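Residue numbers (the working numbering), protein chains in the order written: chain A, 85 to 221; chain B, 85 to 221; chain C, 85 to 221.
Backbone N, C-alpha and C define an ideal beta-carbon position, used for all residues, glycine too.
Small disclaimer: the values here were computed from a predicted structure and weren't measured.
Presented below is the structure to which this report refers.
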C-alpha cells in the first residue's frame, strides 16, 4: 500500500538509487507490517537547481547524498511504529548505500482505507458488501 | 480542486499520456462532482530506473503501461463516491488509452477547504467573513 | 518542517525558479512561524505535455508563468494563518519574480508531529519519553 516518493540529487549513481528504493521497501516490511510485493516507489533525481535543502537544520549535516523519502500510507500506525520505521530506513540506507543518517529525511502522509485502488477500479481495502436493497419478497 | 499527479513510464507515447490525463478529469467530473474547468494535472514520465512497481501485488498483472494516479482533494467524499471514481477512471483508461484495468492504480489524499488557493493569494473555498470586531456604537 | 513541492513550466528560467523557491520560504517564515533553516523544497519543471492547467478556472488568467506550490506541513494552523500564507506567497511571487497572482496556485496537505524525521532516523517533533516499564523496586 504505501506509495513512496524518493527525491535525490542527479549526482547519485543509478545503482545507489536502487539500493535506496530497496532499503525503504525492506524497512517498511520489517517495521510496519507491509506485505510482500507491496512495493510502489517513484524516484526522481534533481539537479542542484531543483532540490533546495538546508544543510544544517535540526543540527544535521546534509550533503549531495541527501535522500528525501515521502511515504503515503494508511492511517493508524502508532508513534512507536513510525519511530521504528524511521530508524530502520536510516539504518538500512547507511548500511547498504553508505548514506549517512543525517542525509535521510522522511515525511509521512496518512490516508484512509477507501483511498486505495491497486487496479481494476476497485477499492481493495474496503470490504465488499452488497448494497442495501429493499426486500423483494 | 483536485490536484492530480500522474506517473507513467517514459515509454508511454505523449499522445497516450494526454489521453490518460483527459480520462482522469472526465472521470472526476462524472463521479465526484468536479466542476468544469477544475483541471490541474501534473504528469511525470519515468525511466525503468525510477518507477518501481510490483508486477503482481493484489493479483494484478502490471506492465510498462502502468499508470499511477495520485489525487489530492477535499475531505468528505463517501466510500461509494470513491469507488465510483476508481471504477470510472479504470474504465475510461481502458476505453480511450487501451490501458488494462490491472495497470491503473489510484491513491487519494484528502485535505480541507482552507487548504486551497486557486490564485490571487485567496482561499476560495473559505467563506469570506468580516473579522469579528468590537461593536463601535 | 514544511516539505514544499513546486511545479512550473520548463520555459521558466532557472534564476526565476530560484526566486520562487526563496519567496515561498520567506512567506512561510513570515506567516506560519517556520524557523530559520527549515527549508526543504523540491522543484520540478514540466513541458507543456506534462502540466495541464485550466487557464481560467475560478476566474483567473493563467499563463505559462503558472506556479503550483504544494506544501506538506504539520496539522494545526488556523484558517487565518493559511490565508495569510496564501496572500504572502502570492505577494512575494509578484514582487520578486513578476509572477501575476492569478498564476500562483497553492495546495496544503497536513500531517502530524510523528510524521517527520529530519535525519538520524529520529522523529524530532515527538517528545523523547522513556518507555513505560514495570517498576523494578
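For a cutoff of 7 Å on Cβ pairs, would you count residue 209 of chain C as touching chain A?
No - not a single Cβ of chain A is within 7 Å of the one on residue 209 of chain C.
Please list the residues of the stretch 171-202 of chain B that have a C-beta atom closer than 8 Å to any C-beta atom in chain C, keeping them in chain order.
Answer in chain order: 193, 195, 196, 198, 199, 200, 201 and 202.
Which full runs of the beta strand (DSSP E) of 3+ residues lie inside the stretch 183-208 of chain C, going along the chain?
Listed in chain order, the complete beta strand (DSSP E) runs (minimum 3 residues) inside the stretch 183-208 of chain C are 188-195.
Taking the continuous alpha helix (DSSP H) assigned at residue 155 of chain C, which residues delimit it?
Note, residue 155 of chain C: premise wrong, no alpha helix (DSSP H); beta strand (DSSP E) at 151-158.
So, under 8 Å CB-CB, residue 202 of chain C and residue 136 of chain A are touching, yes? Tell me the CB distance rounded to an integer number of Å.
About 15 Å; that fails the 8 Å criterion.
Is the stretch 156-173 of chain B close to the stretch 170-183 of chain A, with three or more CB pairs under 8 Å?
No contact exists between the stretch 156-173 of chain B and the stretch 170-183 of chain A.
By the criterion of Cβ-Cβ separation under 9 Å, what are the contact partners of residue 127 of chain C in chain B?
By Cβ distance, chain B contributes nothing, its closest Cβ being about 12 Å from residue 127 of chain C, past 9 Å.
Nearest-angstrom Cα distance between residue 163 of chain B and residue 150 of chain B?
Using only the alpha carbons, I get a separation of about 24 Å.
Starting from the beta carbon of residue 107 of chain B, find every residue of chain C whose beta carbon is closer than 7 Å, and list them in chain order.
Going along chain C, no residue has its Cβ under 7 Å from residue 107 of chain B, so there is no contact; the nearest lies around 12 Å.
Sort C:116, C:114, C:172 and C:106 by Cα distance to residue 123 of chain C and report the nearest one.
Of the listed residues, the one whose Cα sits closest to residue 123 of chain C is C:106.
Can you look up residue 116 of chain C in the DSSP assignment and give me helix, strand or coil?
Residue 116 of chain C: coil per DSSP, three-state reduction.
In angstroms, rounded to a whole number, what distance separates the CA positions of residue 115 of chain C and residue 161 of chain C?
Cα-Cα distance, rounded: 10 Å.
Name the DSSP bridge partner or partners of residue 91 of chain C?
According to DSSP, residue 91 of chain C bridges with C:128 and C:152.
Reducing DSSP to helix, strand and coil, say where residue 219 of chain B ends up.
A caution first: residue 219 of chain B carries a pLDDT of 49, below 50, which makes its placement in the model unreliable, though a value can still be read off. Three-state result, residue 219 of chain B: coil.
Please state whether DSSP places residue 135 of chain C in a helix, a strand or coil.
Residue state, collapsed to three classes: strand.
To which residues of the same chain is residue 193 of chain C closer than 6 Å at the C-beta, ignoring the five residues directly before and after it?
Only 156 meet the Cβ criterion.
Any residues in the stretch 144-171 of chain B with a beta carbon nearer than 8 Å to a beta carbon of chain A? Which ones, in chain order?
Correct list: 144, 146, 152, 154, 163, 166, 167, 170 and 171.
Kindly indicate if chain B contains any beta-carbon less than 7 Å away from that of residue 124 of chain A.
It does: the Cβ of residue 124 of chain A has a partner Cβ on chain B nearer than 7 Å.
Are the Cβ atoms of residue 190 of chain B and residue 90 of chain B separated by less than 7 Å?
Not closer than 7 Å, so no.
Could you spell out the range, first to last residue, of the alpha helix (DSSP H) harbouring residue 169 of chain C?
Residue 169 of chain C -> alpha helix (DSSP H) spans 163-181.
How would you list, in chain order, the residues of chain B whose beta-carbon sits under 9 Å from the beta-carbon of residue 103 of chain C?
Within 9 Å Cβ-Cβ: nothing; residue 103 of chain C doesn't reach chain B, min ~17 Å.
Which chain A residues are close to residue 135 of chain B, counting only those with a beta carbon under 7 Å from its beta carbon?
The answer, in chain order, is 126.
Just checking my contact of residue 204 of chain C with residue 174 of chain A at CB under 8 Å: how many whole Å lie between their CB atoms?
About 6 Å; that satisfies the 8 Å criterion.
Check whether chain A comes within 7 Å of residue 204 of chain C, counting only Cβ atoms and requiring the distance to be less than that.
Yes, because at least one Cβ of chain A sits closer than 7 Å to the Cβ of residue 204 of chain C.
Measuring only between beta-carbons, confirm whether residue 100 of chain A sits less than 7 Å from chain C.
By this cut-off, residue 100 of chain A is not an interface position.
At 8 Å on the CB atoms, spell out the chain C contacts of residue 138 of chain A, in chain order.
By Cβ distance, chain C contributes 121, 122, 123 and 124.
Thinking C-alpha only, which one of A:120, A:144, A:210 and A:187 is nearest residue 92 of chain A?
Ranking A:120, A:144, A:210 and A:187 by Cα distance to residue 92 of chain A puts A:187 first.
If you drop the 5 nearest sequence neighbours on each side, which residues of the same chain put their C-beta closer than 8 Å to that of residue 195 of chain B?
These residues qualify, in order along the chain: 156, 157, 158 and 159.
Please classify residue 207 of chain B: is it buried, with 16 or more other beta-carbons within 10 angstroms of its beta-carbon, or exposed?
Answer is buried; the Cβ neighbour count reaches 16.
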